[in-house]
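Step one of this worksheet: look at the structure below.
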Amino acid sequence: MKRSVNIWNGIDKISIVLFLLLIFMGWINIYAAVFNEEHAGILDLSQRYGKQFLWIIASLVLAIFIVIIDNRFYFFFSWFIYGFCMLLLVLVIILGKEINGAKSWFEFGSVSLQPSELAKFGTSLALASYLNTKRQDLIRLSVLVPAAAIIIFPAALTLLQPDMGSALVYFSLFIVLFREGMSPYIFFSALLAILLFFLTLLSDNLTLSIVLIIVAIILVWVTTHKWKLFFYTSGVFLLITGSLFLADHFIIKSIGNEMIIIISIILSGIAFVFYFLYKRAMTILIIYLFLIGSVVYVNSVDYVFNNFLKPHQKERVDILLGFKSDLHGTGYNVNQSIISIGSGGVAGKGFLQGTQTKFKFVPKQSSDFIFCTVGEEWGFLGSSVIIGIYLFLLLRLVMLAERQRSVFSRVYGYCVASILFTHVFLNIGMAIGLVPVIGIPLPFLSYGGSSLWGFTILLFIFLRLDASRTEYLV
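Just so it is clear: in the sequence shown, position 64 is 69 by the numbering used here, and no numbers are missing.
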């Protein structure tokens with residue numbers, strides 16, 4: 006097939022306009038966030054807004070370079086790019102500069118580079134290449150496990166730095182696996198695990214375990230509509246639980262209520278093994294496996310929370326859930342962020358008129374908390390415009406991904422949308438107190454060359470692939 010010469014005719018202009026709007030708004034808000042009257046020039050290179058201008062110019066040059074490269078380059082060199090990014094993630098742990106207790110940066114004079122931002126597009130390319138080869142066979146473990154490993158490997162390396170925020174973003178690529186045919190049971194199990202994690206911290210394990218059991222028994226009736234099975238299931242479980250409880254209360258005295266529940270579920274499952282096999286009741290078997298997995302998970306959350314999370318991370322979760330109020334310590338950033346956004350009202354205080362911004366109440370306001378400046382100076386209306394642009398861009402990317410002829414391009418497109426969505430959701434959620442503070446940038450708005458370059462490369466590789474969507478990659 007004849008290859009297109011004029012890429013500009015095929016590239017999506019709407020996405021480029023949205024990209025330019027976001028980086029311009031980011032630059033203006035960085036200027037407002039760190040405004041210095043002694044250096045009022047927006048192009049002053051001694052200030053962050055001047056440096057951001059250089060990052061923006063470099064990003065535009067980078068975008069043009071990405072677009073003029075043959076689209077087959079990204080297809081044929083996807084694994085090489087992934088391998089190079091993984092090498093950078095390993096090297097930064099060894100040779101990187103430690104900042105705030107994390108080795109996440111390479112430093113070259115006055116310029117810093119964060120490999121985890123660049124590894125996102127490398128991981129997306131590798132995942133797209135792998136799924137393009139295997140097609141849509143993600144219902145098979147032999148295909149799913151390597152796909153999951155492609156995602157988990159960079160996430161694990163990022164956790165070793167440690168940088169939990171960036172590591173969490175990689176897991177958003179499981180949304181792509183769900184779109185490409187991964188079992189919904191696996192996807193919703195992950196969502197259930199996140200929900201149960203917070204529910205476990207909000208309530209005691211025994212109460213939550215009993216609620217899960219009741220829900221499972223109700224689901225058995227809903228899926229079968231057999232009252233006899235419903236009563237048999239309830240009766241067998243209550244009989245086993247009651248017997249174990251009496252035995253522990255009067256004789257053993259060392260099992261504990263949580264362990265009694267787990268043992269009762271296991272013994273109840275053994276009692277119904279014949280029914281599972283004889284009736285081929287796969288739906289009931291799945292409900293049972295979900296139940297036992299959920300109860301075991303609930304009873305292990307406390308151990309994970311207390312032994313794997315760092316003190317400041319546990320404190321942030323406690324503050325988010327309302328268990329602790331530390332307005333002058335760990336909770337200071339979020340509290341000041343909420344005050345800043347709320348003080349903007351409907352229309353905002355006006356450009357360079359934000360008092361919270363002007364007096365530097367919110368740390369990292371030009372990077373992780375850039376949305377505070379938007380909320381205070383541009384108000385609800387300005388914040389809605391920013392969120393609306395992000396939403397429009399995400400919907401546009403999904404539409405572009407769906408019109409691709411190749412699996413490679415479609416998967417990569419969904420990777421871009423998933424990563425951008427996760428960044429926007431977590432960053433804005435962090436600024437308004439809906440999620441714990443994990444320190445990730447707002448795409449195209451936050452200050453920083455690594456994040457801006459990483460997002461630019463991520464986006465424009467897909468726009469380049471989309472521009473040649475009528476051509477065959479091989």
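Cβ coordinates follow ideal geometry from the N, Cα and C atoms, glycine included.
- G31 is positioned such that its CB atom lies closer than 9 Å to that of L450.
- In this structure, the beta-carbon distance from R474 to G15 falls below 9 Å.
- In this structure, V440 lies away from L386, with their beta-carbon atoms at least 9 Å apart.
- Less than 9 Å divides the Cβ of A37 from the Cβ of L357.
- The beta carbon of Q52 lies closer than 7 Å to those of V39, N41, H44 in the same chain, with the five residues before and after it left out.
- Under the DSSP assignment, V116 falls in the beta strand (DSSP E) whose first and last residues are 116 to 118.
- For K258, there is no enclosing alpha helix (DSSP H), as DSSP marks it with neither H nor E.
- Within 10 angstroms of the beta-carbon of T138 lie fewer than 16 other beta-carbons, which makes it exposed.
- DSSP lists no beta-bridge partner residue for E476.
- Exclusion of the five residues before and after L164 leaves A172 as the residues of its chain whose Cβ lies within less than 7 Å of its Cβ.
- Bounds of the beta strand (DSSP E) holding K102 are 102 to 104.
- Its chain contains I245 as the residues whose beta carbon lies nearer than 6 Å to that of L272, once the 5 sequence neighbours on both sides are disregarded; these appear in chain order.
- Residue pairing by DSSP puts F113 in a beta bridge opposite V116.
- Spatial neighbours of F426 in its own chain (CB-CB distance under 6 Å, excluding positions within 5 residues in sequence) are listed in chain order as L399.
- Beta bridge pairing from DSSP links K108 with E103.
- In the DSSP assignment, I35 falls within the unbroken alpha helix (DSSP H) covering 18 to 38.
- Across the structure, I74 and F81 are spaced so that their CA atoms are roughly 13 Å apart.
- S342 sits away from F397, with the two beta carbons spaced by 9 Å or more.
- Listed in chain order, the non-local C-beta contacts of M91 below 8 Å within the same chain comprise A124, G127, F158, P159, L162, local neighbours out to five positions each way being set aside.
- Contact between F24 and L464 holds: their C-beta atoms lie close to 6 Å from each other, under 8 Å.
- Along the length of the segment 41 to 108, whole alpha helix (DSSP H) runs at least 4 residues long occupy 53 to 73, 77 to 81, 83 to 100, reported in chain order.
- Apart from sequence neighbours up to five positions away, the residues of its chain that approach T228 with a beta-carbon distance below 6 Å are T288, ordered along the chain.
- Taking S348 as reference, the option from S194, E103, V379 with the minimal CA-CA separation is V379.
- D209 counts as exposed, since fewer than 16 other beta carbons sit within 10 angstroms of its beta carbon.
- Here N11 is exposed. Its C-beta has fewer than 16 other C-beta atoms within 10 Å.
- Excluding residues up to 5 positions away in sequence, Y302 lie with their Cβ nearer than 7 Å to the Cβ of A198 in the same chain.
- Judged by DSSP in its simplified three-state form, Q370 adopts coil rather than helix or strand.
- The DSSP-derived three-state label of I215 is helix.
- Taking a cut-off of 8 Å for Cβ pairs, the segment 45 to 64 and the segment 94 to 103 do not touch, as fewer than three such pairs fall below it.
- Nearest to L182 by alpha-carbon distance, out of W458, I256, M435, R415, is R415.
- Between the C-alpha atoms of M404 and S134 there is a straight-line separation of about 20 Å.
- Residue S214 holds the alpha-carbon nearest to the alpha-carbon of M264 among S214, S115, F70.
- CA-to-CA, the gap between L93 and D49 works out to about 32 Å.
- In terms of Cα proximity to G444, the closest of W110, D373, Y452 is D373.
- In this structure, the beta-carbon distance from I424 to L178 falls below 9 Å.
- L468 carries a helical assignment under DSSP once its states are collapsed to helix, strand and coil.
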